[in-house]
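S.K.: Take a look at this one; I'll ask things after.
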Amino acid sequence: MSAPTEAKAVPDQPGKFAQAGPVLGDGTTARSRARSRWRRWRWPLAVLALMAVVGALAALPTPRTTSLPLAPDSTSPQGARALAQILDRQGVDVTFLRRNADVVAAAGPGTTILLASDQQIWDESQLESLDGTGADLVLAGSSWAASLLAGVETTYEVTSADDLPELAADCDDPDAVAAGTITSAHRVQASAGGGTVICFRAPGDPQDQGAYATTTSGDHRIDVLADSGILTNARLADAGNAALALRVLGRHDHLIWYLPSFDDDGGESEAAGPGLGDLVPPWTGALALELCLVVVVIAVVRGRRLGRVVTEPLPVVVRSAETTRGRGRLYRRGRSYGHAAAALRAGAAARCARRLGLPMSAPASELIDSVAHATGRPTDAVAQLFYGPPPTDDSALARLARDLDEIESEVHRP
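Below, the structure is given as structure tokens:
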């Protein structure tokens with residue numbers, strides 16, 4: 041390799057000159073080599089940068105808030121994070137669970153279970169298991185659970201959410217009296233009898249209807265909030281909603297906030313044994329996605345760019361008549377009388393059908409009737425000729441070919 045030499049000034053723009061870098065022995069410059077290396081490594085570097093960004097995003101901590109309605113970690117208007125934080129400041133330990141088995145394992149006498157919704161509960165045994173824990177139950181907007189566990193039937197009278205009525209306690213329950221009034225978004229009222237205390241009745245409602253009911257089952261208490269909206273962030277500050285919610289849910293030091301998930305079938309607890317998702321690191325999914333992306337990028341970069349299809353003339357042109365004769369010789373050599381007869385009959389039937397104006401999908405019976413009508417032959421003879429048994433020797437095959445030719449020549453449009 042020769043020693044580097046200084047390049048002369050070369051024009052860069054009209055009226056201007058730029059000093060080029062030193063030219064190496066192979067005719068390249070440092071700038072051209074850098075540009076070539078960049079073109080070669082830009083895709084791998086882009087993939088590495090993308091993997092680094094995805095890895096950094098995967099390493100970020102999981103957000104502590106969700107958007108689930110009535111969830112204690114949801115900051116949306118339909119969430120209940122405000123109520124959960126107030127309870128936590130008052131010394132109540134709030135545990136958010138989404139599976140029935142986990143709730144049953146964590147609950148017991150001296151605890152409170154809030155069933156925020158029963159829409160994802162599919163079996164009565166799930167509700168009965170909650171009642172069997174001995175914990176106090178608060179059923180919010182759970183009509184099925186209220187009917188099964190508290191004997192309270194729920195009725196719905198839909199009203200405008202823009203003008204929520206304030207319902208007075210009108211009962212001797214201490215929690216209801218402390219709240220004074222609450223709002224009912226949809227005028228949800230529960231009816232019950234016996235030892236059940238009904239509170240917060242609307243004007244004109246009978247004594248056995250209201251928006252809040254409380255009763256006892258064995259040695260634990262069951263409270264029914266007909267409208268779960270009083271727990272939400274949007275309505276917690278209305279009237280006495282906060283007072284009633286805090287007194288009902290803060291009765292014990294431990295509150296289990298149960299919001300059933302879609303896959304909650306009442307099976308074993310998640311703590312009973314690790315699943316497949318628990319045996320792999322949390323970043324496994326992101327890593328698998330990165331690997332798939334790398335494979336796709338490598339396939340695109342390294343794949344050959346195929347141009348348009350190039351036509352090439354065939355070295356030999358084979359006429360159709362020669363192909364037919366060759367196939368016939370093969371049939372004769374193999375004594376395939378059935379294949380040869382089938383080919384003759386199919387060709388004759390197609391030509392007759394086309395001459396008679398029949399479609400290619402016409403059934404055999406229609407073809408036989410049309411050919412018999414056009415030729416004056418009996419239908420049995422036509423059927424025997426077109427769909428009869430295959431010949432067994434050369435003479436029978438030749439006779440079949442002659443008969444097909446004759447009937448084809450006799451076919452004319454009726």
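Residue numbers (our numbering): 41 to 454. Even for Gly, the Cβ is constructed at its ideal location relative to N, Cα and C.
Mapping the DSSP letters down to three states, classify Ala312 as helix, strand or coil.
M.R.: Below a pLDDT of 50, predicted positions are generally treated as unreliable, and Ala312, at 45, falls in that range; no measurement from the model is reported.
S.K.: Taking just the CA atoms, how far does Met400 sit from Ser301?
M.R.: If you take the alpha carbons of Ser301 and Met400, they lie about 59 Å apart.
S.K.: Roughly how many angstroms separate the alpha carbons of Ile447 and Gly368, rounded to a whole number?
M.R.: Straight-line Cα distance between these residues: approximately 22 Å.
S.K.: DSSP puts Ser257 in a beta bridge; with which residues?
M.R.: Answer is His260.
S.K.: Return the CA-CA distance between Val411 and Ala423, expressed in angstroms with no decimal places.
M.R.: Roughly 10 Å between the two C-alpha positions.
S.K.: Helix, strand or coil for Ser182, going by three-state DSSP, please let me know.
M.R.: Reduced to three states, the DSSP call for Ser182 is coil.
S.K.: Measure the C-alpha to C-alpha separation of Asp245 and Ser268 and round it to an integer number of angstroms.
M.R.: Approximately 20 Å, taken between the alpha carbons.
S.K.: State the start and end residues of the unbroken beta strand (DSSP E) segment that holds Phe302.
M.R.: Counting along the chain, Phe302 falls outside any beta strand (DSSP E), and DSSP gives it neither H nor E.
S.K.: First and last residue of the beta strand (DSSP E) that includes Val237?
M.R.: Looking at the DSSP string, the run of the beta strand (DSSP E) that includes Val237 is 237-239.
S.K.: Please report the distance separating the alpha-carbon of Val94 from that of Leu188.
M.R.: C-alpha separation (whole angstroms): 49 Å.
S.K.: Could you say which of Ala361, Thr324, Arg261, Val288 lies nearest to Leu271 if we only look at CA atoms?
M.R.: Here the closest residue by C-alpha is Val288.
S.K.: Determine the burial state of Ile222: buried for a count of at least 16 other Cβ atoms within 10 Å of its Cβ, exposed for fewer.
M.R.: Buried: at least 16 other Cβ atoms inside 10 Å.
S.K.: Could you tell me the boundaries of the beta strand (DSSP E) in which Val336 lies?
M.R.: That residue, Val336, is in no beta strand (DSSP E); its alpha helix (DSSP H) goes 324-342.
S.K.: Could I get the ranges of all uninterrupted alpha helix (DSSP H) runs contained in the stretch 84-148, with 4 residues as the minimum, in chain order?
M.R.: You should have 121-129, 140-146.
S.K.: Relative to the C-alpha of Ala89, which residue among Glu330, Pro353, His379, Glu193 is closest?
M.R.: Ranking Glu330, Pro353, His379, Glu193 by Cα distance to Ala89 puts Glu330 first.
S.K.: Whole angstroms are fine: how far does the CA of Tyr371 sit from the CA of Ala438?
M.R.: Rounded to the nearest angstrom, the two C-alpha atoms are 13 Å apart.
S.K.: Tell me whether the beta-carbon of Leu299 lies closer than 9 Å to the beta-carbon of Leu177.
M.R.: It is not a contact, given that the beta carbons lie outside the stated cut-off.
S.K.: By the DSSP assignment, the beta strand (DSSP E) with Thr195 in it spans what residues?
M.R.: It spans 193-195 - the beta strand (DSSP E) in which Thr195 sits, taken as one unbroken run.
S.K.: Please name the residue in Trp83, Ala156, Glu193, Gly150 whose C-alpha comes closest to that of Leu123.
M.R.: Nearest C-alpha to Leu123: Ala156.
S.K.: Excluding the 5 residues preceding and the 5 following Glu450 in the sequence, name in chain order all residues of the same chain whose CB lies nearer than 6 Å to its CB.
M.R.: Closer than 6 Å at the Cβ level, and outside the excluded window around Glu450, lie Thr415.
S.K.: Near Ala402, which residues of its chain fall below 7 Å by C-beta distance, leaving aside the five closest residues on each side in sequence?
M.R.: These residues qualify, in order along the chain: Ala393.
S.K.: Shortest alpha-carbon distance to Asp433 belongs to which of Ala74, Gly374, Ala326, His452?
M.R.: The shortest C-alpha separation from Asp433 is found at Gly374.
S.K.: State yes or no: is the C-beta of Asp303 within less than 9 Å of the C-beta of Gln166?
M.R.: Contact: no.
S.K.: On the DSSP letters alone, give me the boundaries of the alpha helix (DSSP H) that Leu207 sits inside.
M.R.: That residue, Leu207, is in no alpha helix (DSSP H); its beta strand (DSSP E) goes 206-208.
S.K.: Which residue's Cα is closest to the Cα of Leu154: Ile338, Arg365, Trp162, Val134?
M.R.: Selected option, being the one with the closest Cα: Val134.
S.K.: For Ile161, which of helix, strand or coil comes out of DSSP?
M.R.: Correct three-state label for Ile161: coil.
S.K.: Can you name the residues that DSSP bridges to Leu295?
M.R.: In DSSP, Leu295 forms a bridge with Val134, Thr152.
S.K.: Can you give me the Cβ contacts of Ala43 inside the same chain, cut-off strictly under 7 Å, excluding the 5 residues immediately before and after it?
M.R.: Because the pLDDT of Ala43 is 42, which lies under 50, any placement of that residue in the model is unreliable, and the number read from its coordinates should be weighed accordingly. Same-chain partners within the cutoff: there are none.
S.K.: Determine the burial state of Gln249: buried for a count of at least 16 other Cβ atoms within 10 Å of its Cβ, exposed for fewer.
M.R.: It is buried - the Cβ of Gln249 has at least 16 other Cβ atoms within 10 Å.
S.K.: Leaving out five residues on either side along the sequence, give the residues of the same chain with a beta carbon under 7 Å from the beta carbon of Ala441.
M.R.: Once the five neighbours on either side are set aside, the close Cβ partners of Ala441 are Leu384.
S.K.: Would you kindly work out how many angstroms separate the C-alpha atoms of Phe136 and Ala146, rounded to a whole number?
M.R.: About 11 Å.
S.K.: Which class does Leu425 belong to by DSSP, given the choice of helix, strand or coil?
M.R.: Helix.
S.K.: Comparing C-alpha positions only, which one of Ser114, Val192, Ser169, Pro355 sits nearest to Ala180?
M.R.: Taking only the C-alpha atoms, the option nearest Ala180 is Val192.
S.K.: DSSP on Glu46, reduced to helix/strand/coil?
M.R.: Unreliable placement is indicated for Glu46, whose pLDDT of 42 sits below 50; the coordinate value is still reported in the next sentence. Note: Glu46 maps to coil in three-state DSSP.
S.K.: Out of Arg139, Arg82, Ala285, which one is the CA nearest neighbour of Asp158?
M.R.: If we check each option's Cα against that of Asp158, Arg139 comes out closest.
S.K.: Taking Thr221 as part of the beta strand (DSSP E), name the residues at either end of that continuous run.
M.R.: Run containing Thr221: 221-223, per the beta strand (DSSP E) assignment.
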